[in-house]
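First residue of the sequence shown? That's 0 in numbering that gives the first Met the number 0, and the numbers climb one at a time after it. Here's the structure we're looking at; comments come further down.
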Amino acid sequence: MTEIVPHPPVRALVASFLFTDLVGFSKGTAAEQYAAKATLSAILRNNLAALRDADYRIKDTGDGALIAFTSSPEHALYMALAIAQDFGRAAADAGFPSNSLRTGVHLGSVKESIDLEARPNFVGDGINAAKRIMDFAAPGQITASRAFFDAVACLDSAYAALFRHVGAPDDKHGRAHELYAISPSAAVLEKLKLDLTETADERAEFAAKSTAAIKAKQESSPRVATHAQVESSRAAGPVRKWLLPGGAVVALGIAAIVVGTRLTEPNAPRIPSVGPSAPGGPSTPGGPAQATSESVSAPRLSTPAVAPSA
């Protein structure tokens, strides 16, 4: 019998995608590859720390990375500018070419899936187009699709000023892509960082207030209950003050009635008189004591008569 493996529901969504890779990565020595990849990985981790885990998904591509931003296209613009600036500085310090990194950004639709390692992944045209957009970029350049430009340019005029239209080249499959080049800008990058910091602070403040409100509510509930119990106890105090003595009197009265009833019952057993009465007692003077009708006499055993033997 074939076992049916349940699959999670497939979700379609629109996201911003960033592809980046190291140009000429495979031509370097193992030491050069390790140094370049370690530098890029550290830069990605450092800049992604400004975002929530729920805001993005990252996938290692060997000589680079694919990042899907599911919350805002501004996050993709921020990462493109940040890694370009930081990689250039790190490359100068490490002694390898600063223009060996290229990046492409695109906004498109995809569907969620599960990869061979049972991890969430994306499939669809959004990722494929993002890869083609990056392929058009020259070493050290950031390219963007028309869809990404339309999504970001309307958010801020400073963002729109970064984009420069460079044509509509065809990819290797003959598909035309309207292409934009993004100019690095330290001022825009700082603005994006500040916005992310303010957003993080607002989220932290909201979370702190929510936690404090929940805690205060939990702490106030027992106090309310205790206050109610105290008020109830105070209200019941005078009632108990009169009920307790009254209950005792009633109990004593019931006990007295029961005892009196037992004493006046005609068939109530009495202690039998034993032996002769003392002189001057209730018996007839000089005579034996008379047993009352209530006296209890001990049963006598009759001995059968034995006939004389012949």
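Glycine included, every Cβ here is placed at the ideal spot set by N, Cα and C.
Residue range of the beta strand (DSSP E) that includes residue i
i      : result
Ser40  : No beta strand (DSSP E) holds Ser40; the alpha helix (DSSP H) holding it covers 29–47.
Phe68  : 63–68
Lys58  : 55–59
Ala175 : Segment: none, Ala175 is in no beta strand (DSSP E) and carries neither H nor E.
Identity of the residue in the options nearest residue i by Cα
i      : options                      : result
Phe16  : Cys153, Ile42, Phe121        : Phe121
His105 : Ser25, Ile141, Lys192        : Ile141
Arg88  : Thr60, Asp52, Leu39          : Leu39
Asp59  : Phe18, Val22, Asn127, Ala186 : Phe18
Asp52  : Ala152, Ala67, Gln84         : Ala67
Exposure of residue i, with buried meaning 16 or more beta-carbon neighbours within 10 Å
i      : result
Pro275 : Only weak support exists for where Pro275 lies, its pLDDT of 48 falling under 50; the value from the coordinates is given anyway. Exposed: under 16 other Cβ atoms inside 10 Å.
His164 : exposed
His172 : exposed
Leu12  : exposed
Ile113 : exposed
Gly166 : exposed
Arg10  : exposed
Asp20  : buried
Tyr33  : exposed
Asp85  : buried
For residue i: DSSP bridge partner residues
i      : result
Thr102 : Thr19, Ile141
Glu111 : Phe121
Ile181 : Ile141, Phe162
For residue i, the three-state DSSP class (helix, strand or coil)
i      : result
Phe95  : coil
Leu12  : strand
Phe135 : coil
Asp85  : helix
Asp149 : helix
Leu50  : coil
Ala90  : helix
Ser219 : helix
Ser71  : coil
Ala167 : coil
Glu116 : coil
Start-to-end residues for the alpha helix (DSSP H) that takes in residue i
i      : result
Ala160 : Neither: Ala160 is in no alpha helix (DSSP H) and is coded neither H nor E.
CB contact below 8 Å: residue i versus chain B
i     : result
Ala53 : Any reference to chain B falls outside this structure, which holds one protein chain only.
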